[in-house]
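This report concerns only the one structure given below.
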Amino acid sequence: MRRTTDRSRPRRRLSVIAVSLTALSALALGSGPAGARGSVANRTPGPVTWRADLAAGSGDEAGIVRTDGSLRLRDGYARPASVRSAQSRGTVVLPVRMLDRAVNRIAVDLDATAPAGTEVAVDVRGRDGLGHWTEWREARIGEPAVLPRAVSEVQVRLALAGSPGGATPMIRGLGLSAELGEPAADAGANGTAAAKAAFSAR
1395 MRRTTDRSRP RRRLSVIAVS LTALSALALG SGPAGARGSV ANRTPGPVTW RADLAAGSGD
1455 EAGIVRTDGS LRLRDGYARP ASVRSAQSRG TVVLPVRMLD RAVNRIAVDL DATAPAGTEV
1515 AVDVRGRDGL GHWTEWREAR IGEPAVLPRA VSEVQVRLAL AGSPGGATPM IRGLGLSAEL
1575 GEPAADAGAN GTAAAKAAFS AR
């Protein structure tokens, strides 16, 4: 009887191993395409968000003064935006923001006050891995700037225009959100020239 019992033990072990392998196979099949989709979905990066440091300067600014972390036009600064406009204006280019992923769609959350006759504008551009900059694109609340190609560095330019009567806008804060979407058409040299002309006319 002992010999019979001893001989049956390997068979029991083999049966247990076979059942375990079958269970593992079923789990693998059950988590196939759906599991893969879930894994990919979990790896999909969301937008990159940050707050612009308005106190940081890049050395490229004019007619701007900082007060308690806010930006406004300097008192007595009367540089006309163009020969066709009596508005004074000031500009500041913020330091480059390096991102950990490629983006081409930048949304802004602007906290600013613009009295009647004044204007605040936010322009963004990006630099790709080859070191090439895109042209400047304006971003408005609810209307993100869409760049013509993916970039990994983003730079912001702020423009403030005062009223002929002396009123000045103020920027208190700026939040940005960048992600990768469908690229915009590249306007090329003509588009860049038009953008510069529009900016100088503000």
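Quick note: to get the numbering used here, add 1394 to the position in the sequence shown (first position is 1). Backbone N, C-alpha and C define an ideal beta-carbon position, used for all residues, glycine too.
| Item | Value |
| --- | --- |
| DSSP bridge partner residues for S1464 (one or two, in chain order) | T1461 |
| Endpoints, beta strand (DSSP E) assigned at P1372 | It is not possible to answer for residue 1372, since the shown part of the chain is limited to 1395 through 1596. |
| Under the three-state DSSP convention, the category L1568 falls into | strand |
| Distance, G1511 Cα to E1576 Cα | 35 angstroms |
| Exposure label - D1469; buried when at least 16 CB within 10 Å | exposed |
| Per-residue DSSP class, three states only, for E1532 | strand |
| Contact belief for G1520 with T1528 at Cβ below 8 angstroms, rounded distance in angstroms | 5 angstroms |
| Where T1512 falls: helix, strand or coil (DSSP) | coil |
| For S1433, three-class secondary structure by DSSP | Unreliable positioning characterises S1433 in this predicted model, as indicated by a pLDDT of 36, which lies under 50. The coordinate reading is nonetheless provided below. Of the three classes helix, strand and coil, the one that applies to S1433 here is helix, per DSSP. |
| Endpoints, beta strand (DSSP E) assigned at W1444 | V1442 to R1445 |
| Where A1449 sits in the DSSP three-state scheme | coil |
| T1438 burial status per 10 Å Cβ neighbour count (16 or more: buried) | Unreliable positioning characterises T1438 in this predicted model, as indicated by a pLDDT of 49, which lies under 50. The coordinate reading is nonetheless provided below. Its Cβ having fewer than 16 others within 10 Å, T1438 is exposed. |
| Per DSSP, the bridge partner or partners of L1612 | The chain is shown only over 1395 to 1596; residue 1612 falls outside these bounds and no answer can be derived. |
| Contacting residues, own chain, Cβ-Cβ under 6 angstroms from S1571 (five flanking each side not counted) | P1441, T1443 and A1501 |
| Contacts around S1409, its chain only, beta-carbon distance under 7 angstroms, and the 5 residues preceding and following it disregarded | For S1409, the pLDDT reaches just 45, beneath the cut-off of 50, and the residue's location in the model is therefore unreliable, although a value from the coordinates is still provided. Taken in chain order, the list of residues that qualify is empty. |
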